[in-house]
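Q: So in numbering that gives the first Met the number 0, spot 336 of the sequence shown is number 335, and the numbers just go up one at a time.
Glycine is no exception: its CB is placed at the ideal position from the N, C-alpha and C atoms.
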Amino acid sequence: MSVASLRRAARETVSGLPREFWWLWTSTLINRLGAFVATFMALYLTLDRGYSASYAGLVASLHGLGGVVSSIGGGIMTDRLGRRPTLVIAQTATAFSVALLGFMTDPAAIAGVAFLVGMASNASRPAVQAMMADIVRPEDRVRAFSLNYWAINLGFAVSSMAAGFIAQYSYLAGFLGEASLTLVCAIVVFLKLPESRPQRTAEEKVTEPQIGIGTVLRDGRFMGVVGLSFLISLIFQQGYVGLPVAMGTDGFSSADFGLAIAVNGILIVAVQIPVTRYIQHRDPRRLLVVSALLAGYGFGLTAFAGSVAVYALTICVWTLAEIVNAPTQTGLVVRLSPTHGRGRYQGVYTMSWSVAALVAPLLSGYVIDHFGAGWLWGTCAVLGTVTAVGYWGLMRSLPAEGAEAACPGAAGQARLSAEAAGLGAAAPASAAPASAPASAPASDMRVGVDALPGGAASPSS
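1) Pairing CB atoms from the stretch 169 to 181 with CB atoms from the stretch 278 to 290, are three or more of them under 8 Å?
2) Whose C-alpha, out of Ala356, Thr384, Asp368, is nearest the C-alpha of Ser60?
3) For His62, report the span of its alpha helix (DSSP H) as first-last.
4) Look at the Cβ atom of Ala325, then the Cβ atom of Thr386, and state whether they are nearer than 9 Å.
5) Helix, strand or coil: which one does DSSP assign to Gln209?
6) What is the C-beta distance between Met118 and Val183, in whole angstroms, given that I count them as a contact (C-beta under 8 Å)?
7) Going by the CB atoms, is the gap between Gln209 and Phe298 shorter than 9 Å?
8) Only counting the same chain, and skipping five residues up and downstream in sequence, which positions put a Cβ closer than 6 Å to that of Val274?
9) Would you check if the distance between the CB atom of Ala55 and the CB atom of Leu64 is smaller than 9 Å?
10) Tell me the residue span of the alpha helix (DSSP H) that contains Ser463.
11) So for Glu138, helix, strand or coil by DSSP?
12) Would you report the Cα separation of Ser70 and Arg124, rounded to the nearest angstrom?
13) From this set, Gln198, Tyr390, Leu375, which residue's C-alpha is nearest Leu361's C-alpha?
14) Hey, Val225 and Tyr348: beta-carbon distance below 9 Å or not?
15) Short of 8 Å in beta carbon distance, which residues of its chain neighbour Leu16, apart from the five on each side in sequence? Order them along the chain.
16) Identify whether Leu192 lies in helix, strand or coil by the three-state DSSP scheme.
17) In whole angstroms, what separates the C-alpha of Trp391 from that of Phe102?
18) Distance, Cα to Cα, Gly346 vs Asp133?
19) Given that a residue counts as buried once 16 or more other Cβ atoms are within 10 Å of its Cβ, and exposed if not, what is Ser228?
20) Can you find the residues in the same chain that come closer than 7 Å, C-beta to C-beta, to Val240, ignoring five residues on each side of it along the sequence?
21) Between which two residues does the alpha helix (DSSP H) carrying Gly247 extend?
22) What's the gap between the Cα of Ile186 and the Cα of Pro337?
23) For Phe470, which of helix, strand or coil comes out of DSSP?
24) Hey, Trp22 and Leu192 are a contact pair by Cβ (cut 8 Å); roughly how many whole angstroms apart?
25) Per DSSP, what kind of secondary structure is Met222 in: helix, strand or coil?
26) Assuming Arg281 is part of the alpha helix (DSSP H), what are its boundary residues?
27) Go to Arg83, then tell me how far its alpha helix (DSSP H) extends in each direction, as first and last residue.
28) Of all the options Thr25, Arg48, Met130, Val354, which has the alpha carbon lying nearest to the alpha carbon of Gly330?
29) Does the structure place the stretch 242 to 259 close enough to the stretch 301 to 317 that three or more beta carbon pairs sit under 8 Å?
30) What's the C-alpha gap between Glu194 and Phe155?
31) Taking Cβ to Cβ, would you say Gly81 is nearer than 9 Å to Arg196?
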């Protein structure tokens, strides 16, 4: 490909997105550049503080539990207070709680503050995803989610290397560094991002019932997506909980695991954008089915790995699944979410990853201890197949974009989200500010991995 072709492809990838999106993108990149706690918490507790691996696991679980709790709370705040206030509150709270964690010495205090960090850091995710859906046209959302996901992984790749050097000299400096960058992120949101929450008209307040968590839980199709999201997240999480344990059991060192897993981040940064250009206008059902199969059987192939090179090859397979699944699934979630309930819908969706972050370590540990690593990889293949079948069945009746649909009565409000969300013409992004209501009702891959020691970034931190 010529230089001119590359330049044209780059322009097409980034063109047409509103200025507000790029400020949100910038805040995401800044946030992930400061990812220290998620990467080095386990090492900090075991090497620097001298606590046991069991205690480190307990702290990681409490961090994840905080994310489960705040997923719903953050979604409700996003709809009630607005996207911008929720982001500022959550990111400011994250900054102060991370800084506080660096000064804690008592085991109970460390565990308690880790829970608060998990709550604060996860509370911003529904707001980020809802704001992105508000300010980006439906036809550009897959591309926007992909660019945001790319920023997450780029920031995490840089922060992982930098944090490694910082940790050699001072863990406290790492905590304070993450707190400072998160606070900068909050300042960027406060100064540069207007509120994007669509305002309900007087007629809508009368004709459309208020959307609550119960509405979301009764939305059968959406909850089916949440369930499938939980299954595929269980698979992806094994790259950070099952894979290092299995490689260690096979006699490989932590350096070997680091070398192999580095392929994941490098590949995402290298091919995320060109792959997105290829998939952005293709059938989402086929993409989700293929990504689920690639994820399941990518991990399934790990059963045959006997060298670092082969492990890296299997990582390439499931990383490709991650690249395809992340923007496609977040786009689907937005499409199934009613405009005035995006926060709650995104909160429930985010919770599926947080719950998976709690279950995945237990699943991998139990299977490896009692049956062996081969059974774990076989289980991943089965889960991938089940998820693929689920995507295929769930989306068979999904209406095409651009088709109007309606569902009568209050009981059909959640169904309306699945039929009309994200459909209809949208004004060009440059024609209206981010604070304008969407023209029609209408999200790190790795959500929840932050709760794991040494985990990677979340897609919408």
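A: Taking the coordinates as given:
1) No, because fewer than three Cβ pairs between the stretch 169 to 181 and the stretch 278 to 290 fall closer than 8 Å, the two stretches do not touch.
2) Locating residue 60 in the sequence shown gives position 61, where the first residue counts as 1. Looking at the Cα atoms, Ala356 is the closest of the given residues.
3) Looking up residue 62 in the sequence shown gives position 63. For His62, the enclosing alpha helix (DSSP H) begins and ends at 52 to 79.
4) Looking up residue 325 in the sequence shown gives position 326. Looking up residue 386 in the sequence shown gives position 387. For the pair Ala325 and Thr386, the CB atoms are not nearer than the 9 Å cut-off.
5) Position 210 of the sequence shown holds residue 209. Here Gln209 carries a coil assignment [DSSP, helix/strand/coil].
6) If you number the sequence shown from 1, residue 118 lands on position 119. If you number the sequence shown from 1, residue 183 lands on position 184. Not confirmed; about 21 Å, so no contact.
7) Reading the sequence shown from its first residue, position 299 is the one you call residue 298. Reading the sequence shown from its first residue, position 210 is the one you call residue 209. Taking 9 Å as the cut-off, the beta carbon of Phe298 is found no closer than this to the beta carbon of Gln209.
8) In the sequence shown, counting from the first residue as 1, residue 274 sits at position 275. Hits under 6 Å: Ile322.
9) Taking the sequence shown and counting its residues from 1, one reaches residue 55 at position 56. Taking the sequence shown and counting its residues from 1, one reaches residue 64 at position 65. No, Cβ-Cβ distance for Ala55 and Leu64 is not below 9 Å.
10) The question about residue 463 has no answer, for the chain in this structure spans 0 to 460.
11) Residue mapping note: residue 138 aligns to position 139 of the sequence shown, counting from 1. In the structure shown, Glu138 falls within a helical segment according to DSSP collapsed to helix, strand and coil.
12) Counting from 1 along the sequence shown, the entry for residue 70 is found at position 71. Counting from 1 along the sequence shown, the entry for residue 124 is found at position 125. Taken atom to atom, the span from the alpha-carbon of Ser70 to that of Arg124 is near 8 Å.
13) Indexing the sequence shown from 1 puts residue 361 at position 362. Nearest option by C-alpha distance: Leu375.
14) Translated into positions along the sequence shown, residue 225 becomes position 226. Translated into positions along the sequence shown, residue 348 becomes position 349. Contact annotation: Val225 and Tyr348 have beta-carbon atoms nearer than 9 Å.
15) Within the sequence shown, residue 16 is the residue found at index 17, counting from 1. Apart from sequence neighbours up to five positions away, the residues of its chain that approach Leu16 with a beta-carbon distance below 8 Å are Val135, Asp139, Arg142, Ala143, Leu146, Ala428, ordered along the chain.
16) In the sequence shown, residue 192 corresponds to position 193, counting from 1. Coil, per DSSP.
17) In the sequence shown, the residue the question calls residue 391 occupies position 392. In the sequence shown, the residue the question calls residue 102 occupies position 103. Going by the C-alpha atoms only, they are around 50 Å apart.
18) Within the sequence shown, residue 346 is the residue found at index 347, counting from 1. Within the sequence shown, residue 133 is the residue found at index 134, counting from 1. Taking the straight line joining both Cα atoms gives about 16 Å.
19) If you number the sequence shown from 1, residue 228 lands on position 229. So Ser228 ends up on the buried side.
20) Residue 240 sits at position 241 when you count from the first residue of the sequence shown. Excluding five sequence positions before and after Val240, the CB atoms of its chain that fall closer than 7 Å to its own CB belong to Ala359, Pro360, Ser363, Leu451, given in chain order.
21) Taking the first residue of the sequence shown as position 1, residue 247 is located at position 248. Taken as a continuous stretch (DSSP letters only), the alpha helix (DSSP H) holding Gly247 covers 241 to 248.
22) If you number the sequence shown from 1, residue 186 lands on position 187. If you number the sequence shown from 1, residue 337 lands on position 338. Cα to Cα, Ile186 sits roughly 29 Å from Pro337.
23) In the structure as shown, the chain begins at 0 and stops at 460. Residue 470 is therefore absent and cannot be evaluated.
24) Locating residue 22 in the sequence shown gives position 23, counting from the first residue. Locating residue 192 in the sequence shown gives position 193, counting from the first residue. Contact check for Trp22 and Leu192: beta-carbon distance about 5 Å, within the 8 Å limit, so the pair qualifies.
25) Counted from its first residue, the sequence shown places residue 222 at position 223. Of the three classes helix, strand and coil, the one that applies to Met222 here is helix, per DSSP.
26) Along the sequence shown, one-based indexing puts residue 281 at 282. Element bounds for Arg281: n/a, residue is neither H nor E.
27) If you number the sequence shown from 1, residue 83 lands on position 84. Residue range 82 to 102 is occupied by the alpha helix (DSSP H) that includes Arg83.
28) Along the sequence shown, one-based indexing puts residue 330 at 331. Taking the Cα of Gly330 as reference, the smallest distance to any Cα among Thr25, Arg48, Met130, Val354 is reached at Met130.
29) Taking 8 Å as the limit for Cβ pairs, the verdict is that the stretch 242 to 259 does touch the stretch 301 to 317.
30) Locating residue 194 in the sequence shown gives position 195, counting from the first residue. Locating residue 155 in the sequence shown gives position 156, counting from the first residue. Using only the alpha carbons, I get a separation of about 27 Å.
31) Walking along the sequence shown from the start, residue 81 turns up at place 82. Walking along the sequence shown from the start, residue 196 turns up at place 197. Yes.
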